[in-house]
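**Q** In this note's numbering, the protein residues as written are 1279 to 1579. For glycine and all other residues, C-beta sits at the position ideal for the given N, C-alpha and C. Quick one: the structure is below, and I'll ask about it shortly.
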Amino acid sequence: MNVSKAGAISSVKDDTDDGVLELDNDKNSSVNNVENVTKSNNNPVQLLGNPTTAAANQNDNENENDWVGLCFWTIFQVVGLACVATIICRSVIYRKGYFEASSDYSTQLVSITVTQFSNWHYSLTTIGFIYLYANSMLMLQKNKNSDVTLQYVMLHTFAFAVSALALYAIYANKETNKPKDSKFYQGHLYSVHSWVGLCAALMFTVQWLSTVAAFVMPCLRNAGLPPGRTFSLYTVFVSSVALVTGINGHAIKLLKGAYRTYSTESLILNGFGMLVMVFLFLIAFMVLKPTRTLRMYVLHE
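In structure tokens, the structure reads:
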């Protein structure tokens, strides 16, 4: 009888011990589960960090991007204005400027010589085909849903008008030197410069017409801007090639032997050609850059 009681007591103790152990294990597992849930819930906070700090970092990055974009835009404008100033100063200092005043002060007549027509051609080409047209490209915002604004159309139209005057100036220059009995096409479009320049003029005309159409018909805006921006870049490239080849041929023909002896005018014209190429690379980089780093600072912003 005592033996059976002792056995029963020992079995109860064993069961009690096992129950305590099981309760302890359950308690530990519950605590571990709570800790794991807490850690898992804290992970997004740890990954996201402090929202205030993230916003501050984003603002700092935006300010840095704006500063970089402003620097590139400033360099772009300085190089473009340097191109315009170089060709104008060369025309005024070395090639009698743009007008010829009459020797008779009573009449006050002003004429334009053959050389001055050439000065008008290269100066207006630089202003219209290169500088103004490139600036009009930057007025297109860097997104697919951007619209053709009135400011963009006005600047584009002004660049087109200046370029048309440049073409008329070289036409008048060629017509002045032609014999009376020659045909209408003689003296025109006989060089690579002329052919490339004609291609640039046709591309500019197509671009201007598409710009006006996109402004008048809003349904064409979203569809026309991305290819239009690329086509504009091609137009600037062709115009730059035409200008550089033309100014080089003009310098060789006009200066002759002085061109080989590194005369001051020849160095100025060569430097002008290099400035045009640098300007072309800048506009290509700023248009093709896909990020916000080079956000454009233009008239309508």
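CA-CA distance, Thr1403 and Cys1497?
**A** Taking the first residue of the sequence shown as 1, we reach residue 1403 at position 125. Taking the first residue of the sequence shown as 1, we reach residue 1497 at position 219. Distance between the alpha carbons of Thr1403 and Cys1497: 33 angstroms.
**Q** Nearer than 7 angstroms: is that true of the beta carbon of Val1474 relative to any heavy atom of the ligand SAM?
**A** Inclusion of the ligand SAM in the displayed structure is not the case, the ligand content being empty and no account of it being possible.
**Q** If you reduce the DSSP assignment to three classes, tell me which class Ser1389 lands in.
**A** One-based indexing of the sequence shown puts residue 1389 at position 111. Looking at Ser1389 - three-state DSSP - the assignment turns out to be strand.
**Q** To which residues of the same chain is Val1519 closer than 7 angstroms at the C-beta, ignoring the five residues directly before and after it?
**A** On the sequence shown, residue 1519 is found 241 positions in, with the first residue counted as 1. Cβ neighbours of Val1519 beyond the five flanking positions: Val1474.
**Q** Please classify Gly1347 as buried or exposed, where buried requires at least 16 other C-beta atoms within 10 Å of its C-beta.
**A** Numbered from its first residue, the sequence shown carries residue 1347 at position 69. By the 10 Å Cβ count, Gly1347 comes out buried.
**Q** Apply the 10 Å Cβ neighbour rule to Phe1354 and answer buried if 16 or more other Cβ atoms are within range, or exposed otherwise.
**A** Here residue 1354 corresponds to residue number 76 of the sequence shown, with the count starting at 1. When all chains shown are included, Phe1354 counts as buried.
**Q** If you pair each beta-carbon of the region 1455 to 1465 with each one of the region 1509 to 1524, do three or more pairs fall below 8 angstroms?
**A** Taking 8 angstroms as the limit for Cβ pairs, the verdict is that the region 1509 to 1524 does not touch the region 1455 to 1465.
**Q** Could you check if Cys1367 is buried or exposed, using at least 16 other CB atoms within 10 Å of its CB as the buried criterion?
**A** What you label residue 1367 is simply residue 89 of the sequence shown in a count that begins at 1. Cys1367 is exposed by the Cβ-count criterion.
**Q** Would you call Cys1582 buried or exposed, if buried means 16 or more other Cβ atoms sit within 10 Å of its Cβ?
**A** Summary: the structure shown does not reach residue 1582, with the chain confined to residues 1279 through 1579, and so no result is reported for it.
**Q** Take every Cβ of the region 1436 to 1448, pair it with every Cβ of the region 1404 to 1415, and state whether three or more of those distances are shorter than 8 angstroms.
**A** Cβ pair count under 8 angstroms is three or more, so yes.
**Q** Classify Ala1536: buried if its beta carbon has 16 or more other beta carbons within 10 angstroms, exposed otherwise.
**A** Here residue 1536 refers to the residue found at position 258 of the sequence shown. Burial call: exposed.
**Q** Using 10 angstroms around the beta-carbon of Phe1482, count the other beta-carbons present and answer buried if the total reaches 16, otherwise exposed.
**A** Against the sequence shown, residue 1482 aligns to sequence position 204. Buried, because 16 or more other Cβ atoms sit within 10 Å of the Cβ of Phe1482.
**Q** Return the residue from the list Ala1479, Thr1508, Leu1533 that minimises the CA-CA distance to Ile1546.
**A** The residue you call residue 1546 lines up with position 268 of the sequence shown. Checking every option, the nearest Cα to that of Ile1546 belongs to Leu1533.
**Q** Please tell me whether Val1565 and Val1357 are closer than 8 angstroms, where the distance is taken between their beta carbons.
**A** Here the question's residue 1565 lines up with position 287 in the sequence shown. Here the question's residue 1357 lines up with position 79 in the sequence shown. Result no, Cβ atoms of Val1565 and Val1357 do not sit closer than 8 angstroms.
**Q** I'd like to check one pair, Gly1551 with Ser1469: are the Cβ atoms closer than 8 angstroms?
**A** By 1-based counting over the sequence shown, the position of residue 1469 is 191. By 1-based counting over the sequence shown, the position of residue 1551 is 273. No. Outside cutoff.
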